[in-house]
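Visitor: Residue numbers (our numbering), protein chains in the order written: chain A, 1 to 267; chain B, 1001 to 1267.
The beta-carbon is built from N, C-alpha and C at its ideal position, and this holds for glycine as well.
1) What's the gap between the Cα of residue 64 (chain A) and the Cα of residue 49 (chain A)?
2) Could you name the residues of the same chain whose beta carbon sits closer than 8 Å to that of residue 1015 (chain B), not counting the 5 residues immediately before and after it, in chain order?
3) Contact between the region 1157-1175 of chain B and the region 1126-1138 of chain B: three or more CB pairs below 8 Å?
4) Would you kindly check if the distance between the Cβ of residue 258 (chain A) and the Cβ of residue 34 (chain A) is under 8 Å?
5) What distance in whole Å lies between the Cβ atoms of residue 3 (chain A) and residue 233 (chain A), which are believed to be in contact at a cut-off of 8 Å?
6) Here's a check: name, in chain order, each residue in its chain whose Cβ is nearer than 6 Å to the Cβ of residue 147 (chain A), leaving out the five neighbours to either side.
7) By the three-class DSSP mapping on this structure, what secondary structure does residue 1001 (chain B) have?
8) As a quick exercise: from B:1006, B:1079, B:1010, pick the residue whose alpha carbon is nearest that of residue 1021 (chain B).
9) Run through DSSP, which three-state label would residue 1117 (chain B) get?
10) Quick one: any contact between the region 75-83 of chain A and the region 137-144 of chain A, if contact means 3 or more CB pairs under 8 Å?
11) Interface residues of chain B around residue 47 (chain A) at Cβ under 8 Å?
12) Taking the beta carbon of residue 110 (chain A) as the centre, do at least 16 other beta carbons fall within 10 Å, making it buried, or is it exposed?
13) Quick check on DSSP: helix, strand or coil for residue 1106 (chain B)?
14) Given residue 1055 (chain B), which residues of its chain have a CB within under 6 Å of its CB, disregarding the five upstream and five downstream residues?
15) List, in chain order, every chain A residue whose beta-carbon is nearer than 8 Å to that of residue 1106 (chain B).
16) Would you mind stating whether residue 1168 (chain B) and residue 1012 (chain B) have Cβ atoms separated by less than 8 Å?
17) Contact criterion: CB-CB distance below 8 Å. Does residue 32 (chain A) meet it with respect to chain B?
18) Would residue 32 (chain A) and residue 206 (chain A) be called neighbours here (beta carbons separated by less than 8 Å)?
19) Step through the CB atoms of chain A and report whether any lies within less than 8 Å of the CB of residue 1136 (chain B).
20) Apart from the five residues just before and just after residue 41 (chain A), which ones in its own chain have a Cβ nearer than 6 Å to its Cβ?
21) Which same chain residues end up closer than 8 Å to residue 1215 (chain B) when comparing Cβ atoms and leaving out the 5 residues on each side of it in sequence?
22) Let me check one thing: in DSSP terms, what residues is residue 133 (chain A) bridge-paired to?
23) Could you tell me whether any Cβ in chain B is nearer than 8 Å to the Cβ of residue 219 (chain A)?
24) Out of B:1025, B:1028, B:1084, B:1254, point me to the one whose CA is closest to residue 166 (chain A)'s CA.
25) Take residue 1186 (chain B) as the anchor and find which of B:1123, B:1245, B:1197 has the nearest alpha-carbon.
26) Please report the straight-line C-alpha distance between residue 225 (chain A) and residue 9 (chain A), rounded to a whole angstrom.
27) Would you list, in chain order, the members of the region 17-30 of chain A that have their beta-carbon closer than 8 Å to a beta-carbon of chain B?
28) Please decide whether residue 185 (chain A) counts as near chain B, where near means a Cβ-Cβ distance under 8 Å.
29) May I ask which residues mark the beginning and end of the beta strand (DSSP E) holding residue 1057 (chain B)?
30) Considering just the uninterrupted stretch of the beta strand (DSSP E) at residue 267 (chain A), what are its terminal residues?
31) In whole angstroms, what is the alpha-carbon distance linking residue 262 (chain A) and residue 172 (chain A)?
32) In its own chain, which residues sit with a C-beta less than 7 Å from the C-beta of residue 57 (chain A), not counting the 5 before and 5 after it?
33) Considering residue 1154 (chain B), what are the terminal residues of the beta strand (DSSP E) in which it resides?
34) So which of B:1036, B:1096, B:1105 has the shortest CA-CA distance to residue 1298 (chain B)?
35) Can you check DSSP and say which residues form a bridge with residue 99 (chain A)?
36) For residue 51 (chain A), collect the residues of the same chain with a Cβ closer than 7 Å to its Cβ; drop the 5 residues on either side in sequence, then sort them by chain order.
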């Protein structure tokens, strides 16, 4: 089984990803897709007069500040628009895709971070009304039931909290948790760069293979959004996923290329 | 098994509907929910600078004109926002709800109307790029599989066409098709009026019981959106659903009231 994370950034060739997915499934492979939606959520948030606010946590990660109105926009865009369009495109390719988010059937249970500690203009602040979570449990049995029925799950990055609140979760780390829970043989993280670069944005510095021992160091040179992908990869490895690939989602064959060894492989 | 249609109009008491649903499920009843989303789709369409356009078909029904951008807004709002919020609210009530739309796993397959024949300012027009459909098949097996796993399906009014396109479908008629497919004992259509009125909007003219034979006549006096509900009821009866209730979704106990016989019962 392969878990594929489709990035929410601009440039990912969704038609090609869906065509490749169909080819994999026809060859007998089982696939689960997890997707993001950051770019489109930003656009629609702007249009709705609720511009996105990104914050930097004290641990150095970038997060979307998700108050309740933002959560509802995030759910609308990721679970309603992006998820439906991916499912539709897969269906057109003959894949019986089935969209869901982690709220459905409590497929992804997360711990809501009660307080988000951020740094703004050099000052430490605490944000409280944030609907962001860290996934603690994935219901692999439910995903397997869907797959046994011939369905290909397509998962939007929402989880459910201990109190039953929908939460925004990081899609890379969600994909890692899903891959671990279903004991996937590989996690492919598609993005709009050719792989992990030692010196971003110099594409000649893409690292072809990164051993587990190099992950901690990678956290220091990974830029912005790549940091969370490295964190996700590290979590997936911990959960027993033997191989994680950061691959270019913009090519004519993003998945076939990744399976052929392009991009950055962590194992 | 009971199928409940939650109206997309303003005023429906969603908290009360979810609490009642939890009570029914705790008492051993199986429930499927189908919801609309017209009112909220209108609001968000306006905010996104794509105001809704309603047309009157030559057969006298009111329809949302759904070009591709409208379809994507409709998917976003119904499947992403409304569906997630209902699932979340049911989860908070202890119901293991599972949201989906008819696109997922091709649960609702529809025929896309190639051309929409409308009347505007007394003139007949044909609209072509419309993404609206009439449901032809419901995958009851998939819904039963979810229910057998202890999940309560919550269905957004999208279906999939013969060509794999997502389509906007009428939620009342979708609920009727679902009720027929799963052989529900009752279909409860919650709305923001107390029932079918012989003389709208005079609430003293609510009809308590309408025999099957009275349905055709009801189509003539049912106002606006109620026409499609009457059509849905008529289709559900044809499909073998023995009892259809139009009930007030604004009360403290919309479902318990409906089960106690309030509203309009068609059987």
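Guide: So, from the data block:
1) 16 Å
2) 1089
3) yes
4) no
5) Going by Cβ atoms, the distance from residue 233 (chain A) to residue 3 (chain A) rounds to 12 Å, so no, they are not a contact pair.
6) 30
7) coil
8) B:1006
9) strand
10) no
11) 1047, 1048, 1049
12) buried
13) helix
14) 1063, 1065, 1118
15) 91, 96
16) no
17) no
18) no
19) no
20) 74, 77
21) 1230, 1233, 1234, 1237, 1266
22) A:112
23) no
24) B:1084
25) B:1245
26) 10 Å
27) none
28) no
29) 1054-1057
30) Per DSSP, residue 267 (chain A) belongs to no beta strand (DSSP E) and is neither H nor E.
31) 19 Å
32) 63, 116, 117, 118
33) 1152-1156
34) Nothing can be reported for residue 1298 (chain B), as the shown portion of chain B is limited to 1001 through 1267.
35) A:154
36) 45
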